[in-house]
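Enquirer: Numbering (our numbering), first residue to last: 59 to 302.
Glycine is no exception: its CB is placed at the ideal position from the N, C-alpha and C atoms.
Could you have a look at this structure, given as structure tokens, before my questions?
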Ligand code: SAH
């Protein structure tokens with residue numbers, strides 16, 4: 059087998075936040091595979107075939123990428139942010155579990171800057187102490203599991219990052235998430251709604267839990283919830299490194 063498969067993160071949007079090793083892999087690639095808007099970020103060139111696909115077909119897309127690499131292609135699967143954070147890297151390994159004939163393929167994961175870190179940097183250092191990341195989409199897990207994790211994380215006083223906070227197909231869920239936070243946290247808890255970070259449409263809003271409304275988030279927003287110690291200094295939001 060002479061082909062290879064790289065699963066690469068393109069970062070949150072800006073070309074300046076794509077790592078040099080991802081750029082180098084793309085320069086060597088014969089095929090680029092991924093969700094339509096992410097493949098659209100790759101400049102077309104001779105010798106590079108684009109294979110854009112729709113959302114929610116991750117396993118089919120992963121198989122397609124494995125097939126192309128096994129046939130000798132130099133294949134880059136692109137994700138936004140980091141490919142290991144609610145994205146394609148795990149989907150490729152999930153597909154690989156069922157395909158023993160591909161177990162000797164050269165497969166590498168190249169990291170990217172994930173949305174929560176790009177957003178946190180814009181705000182200051184809200185994830186400066188212990189934190190967790192939660193995918194609010196219930197495509198792949200029951201809402202009861204999400205609710206339990208959210209409640210326990212709030213009780214443990216983690217700062218939190220929420221990915222996929224809200225979509226048209228499940229508009230009420232994020233309202234329920236805010237309700238649960240109101241049951242577990244004080245009304246003054248700081249929440250950052252960071253939308254389209256590092257793109258021309260970027261916007262950031264910091265509010266208290268009492269002021270937060272479901273409409274403040276959409277699918278291009280990552281939501282950062284502070285811990286009980288998260289605070290403001292000179293317009294920067296930070297979480298002290300010590301819990302004492
Ligand atoms: N692998 C990606 C996450 C994919 S899930 C990563 O590491 O960032 C898609 C979710 O990521 C979106 O619903 C949103 O919550 C978040 N997201 C991705 N890009 C973003 C950006 N530029 N600004 C804010 N949130 C973003």
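Any heavy atom of the ligand SAH closer than 6 Å to the CB of residue 138?
Expert: As a position in the chain shown, residue 138 is number 80, starting the count at 1. Yes, the beta carbon of residue 138 sits closer than 6 Å to at least one heavy atom of the ligand SAH.
Enquirer: Could you tell me which uninterrupted alpha helix (DSSP H) segments, each at least 4 residues in length, are contained entirely in the region 88-117, listed from first to last along the chain?
Expert: DSSP runs (the alpha helix (DSSP H)) wholly in the region 88-117: 94-97.
Enquirer: Where DSSP assigns a beta bridge to residue 249, which residues make up the other side?
Expert: Within the chain shown, numbered from 1, the residue matching residue 249 stands at position 191. Answer is 265, 283, bridged to residue 249.
Enquirer: Taking 7 Å as the threshold (beta carbon to beta carbon), is residue 201 in contact with chain C?
Expert: This model lacks chain C altogether; it includes just one protein chain.
Enquirer: Determine the burial state of residue 144: buried for a count of at least 16 other Cβ atoms within 10 Å of its Cβ, exposed for fewer.
Expert: Working through the chain shown from its first residue, we reach residue 144 at position 86. Looking at its Cβ environment, which holds 16 or more other Cβ atoms inside 10 Å, residue 144 is buried.
Enquirer: Relative to the alpha-carbon of residue 89, which residue among 204, 110, 294 has its alpha-carbon at the smallest distance?
Expert: Taking the first residue of the chain shown as position 1, residue 89 is located at position 31. Checked all of 204, 110, 294; the closest Cα to residue 89 is 110.
Enquirer: Am I right that residue 124 and residue 153 are in contact with their C-beta atoms under 8 Å? What's the rounded C-beta distance?
Expert: Against the chain shown, residue 124 aligns to sequence position 66. Against the chain shown, residue 153 aligns to sequence position 95. Between residue 153 and residue 124 the Cβ distance is about 6 Å, and since that is below 8 Å, they are a contact.
Enquirer: Checking 7 Å against the spacing of the C-beta atoms, do residue 65 and residue 167 come in under that value?
Expert: By one-based count along the chain shown, residue 65 stands at place 7. By one-based count along the chain shown, residue 167 stands at place 109. Cβ atoms of residue 65 and residue 167: closer than 7 Å.
Enquirer: Kindly indicate which residue of 160, 263, 68 has the alpha-carbon position closest to the one of residue 139.
Expert: Position 81 of the chain shown, counted from the start, is the residue given in the question as residue 139. Closest option to residue 139, Cα to Cα, is 68.
Enquirer: With respect to 6 Å, is the separation between the Cβ of residue 296 and the closest non-hydrogen atom of the ligand SAH below this value?
Expert: Looking up residue 296 in the chain shown gives position 238. Residue 296: no, Cβ never under 6 Å from the ligand SAH.
Enquirer: Per DSSP, what are the beta-bridge partners of residue 135 in this structure?
Expert: Within the chain shown, residue 135 is the residue found at index 77, counting from 1. Bridge partners of residue 135: 65, 91.
Enquirer: At 4 residues or longer, what runs of the alpha helix (DSSP H) sit wholly inside the region 157-221?
Expert: Here the runs fully enclosed are 173-181, 201-213.
Enquirer: Excluding the 5 residues preceding and the 5 following residue 181 in the sequence, name in chain order all residues of the same chain whose CB lies nearer than 6 Å to its CB.
Expert: Along the chain shown, one-based indexing puts residue 181 at 123. Excluding positions up to five away in sequence, the list reads 250, 295.
Enquirer: Check whether the Cβ atoms of residue 129 and residue 282 sit closer than 7 Å, and answer yes or no.
Expert: Counting from 1 along the chain shown, the entry for residue 129 is found at position 71. Counting from 1 along the chain shown, the entry for residue 282 is found at position 224. The answer is no: Cβ separation not under 7 Å.
Enquirer: Would you call residue 268 buried or exposed, if buried means 16 or more other Cβ atoms sit within 10 Å of its Cβ?
Expert: Translated into positions along the chain shown, residue 268 becomes position 210. It is exposed - the Cβ of residue 268 has fewer than 16 other Cβ atoms within 10 Å.
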